[in-house]
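Engineer: One structure, as structure tokens, below. Some questions next.
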Amino acid sequence: MGKKLTIGSLKYDHMKHADSIEQTVNIGSSTVNEPGKIIEMKQNQRYFQIEVKTGQSILNAAIEKNLSLDYKCKKGTCGKCKVVLVNGISYLQPANHLEEKKLHHLIQSGFRLACQAKVR
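Under full-length UniProt numbering, the first residue of the sequence shown is numbered 1, with each subsequent residue one higher.
So, in structure tokens, the structure goes:
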């Protein structure tokens with residue numbers, strides 16, 4: 001059985017960690033409000049510019065912003081979400097194995113799968 005709470009255990013002296021917990025929460029929430037990176041790309045002769053948050057895929061950012069980016073499976077297998085990056089490629093994580101398998105040498109020319117390409 002766990003430790004029982006008593007009135008004495010709830011006093012200030014026993015709760016010294018409360019300040020450090022509050023600081024951790026504040027630090028964590030400041031990264032949530034951090035602005036994303038601007039990615040510029042083309043797909044089927046259409047130009048897109050979108051702000052993508054850290055860890056977010058280009059496709060999820062596009063869906064969130066109601067952009068008409070073509071896609072189908074969202075798994076990296078169909079290739080329908082293929083885009084060519086115009087600007088912001090340095091903000092992205094390296095291509096994963098699904099992109100390498102689907103796009104091969106096109107990655108070197110700036111092509112990526114929007115469902116797999118994520119901001120660092």
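C-beta atoms are modelled at their ideal positions from N, C-alpha and C, and glycine is treated no differently. Predicted model only: the values in this text are computed from it and were never measured.
When you compare the segment 57–75 with the segment 105–116, are there three or more beta-carbon pairs, one atom per stretch, that lie closer than 8 Å?
Structural biologist: yes
Engineer: Pull the bridge partners of Ile50 from the DSSP assignment, please.
Structural biologist: Ile50 is bridged by DSSP to Ile39.
Engineer: Please report the distance separating the alpha-carbon of Leu98 from that of Tyr91.
Structural biologist: 19 Å
Engineer: Decide if Ile38 is buried, meaning its Cβ has at least 16 other Cβ atoms within 10 Å, or exposed.
Structural biologist: By the neighbour-count rule (16 or more Cβ atoms within 10 Å), Ile38 is not buried but exposed.
Engineer: Using 10 angstroms around the beta-carbon of Tyr47, count the other beta-carbons present and answer buried if the total reaches 16, otherwise exposed.
Structural biologist: exposed
Engineer: Name the residue from Gln43, Val84, Met41 whose alpha carbon lies nearest to the alpha carbon of Ala105.
Structural biologist: Going by the sequence as given, residue 105 is His instead of Ala. Here the closest residue by C-alpha is Val84.
Engineer: Once the 5 residues before and after Ile107 are set aside, which same chain residues still bring their CB inside 8 Å of it?
Structural biologist: Ala95, Glu99, Glu100
Engineer: For Leu85, which three-state DSSP category applies?
Structural biologist: The DSSP-derived three-state label of Leu85 is strand.
Engineer: Determine the DSSP secondary structure at Lys102, reduced to helix, strand or coil.
Structural biologist: Helix.
Engineer: Rounded to the nearest angstrom, what separates residue 137 and Gln43 at their Cα positions?
Structural biologist: Since the first and last residues shown for the chain are 1 and 120, residue 137 lies out of range.
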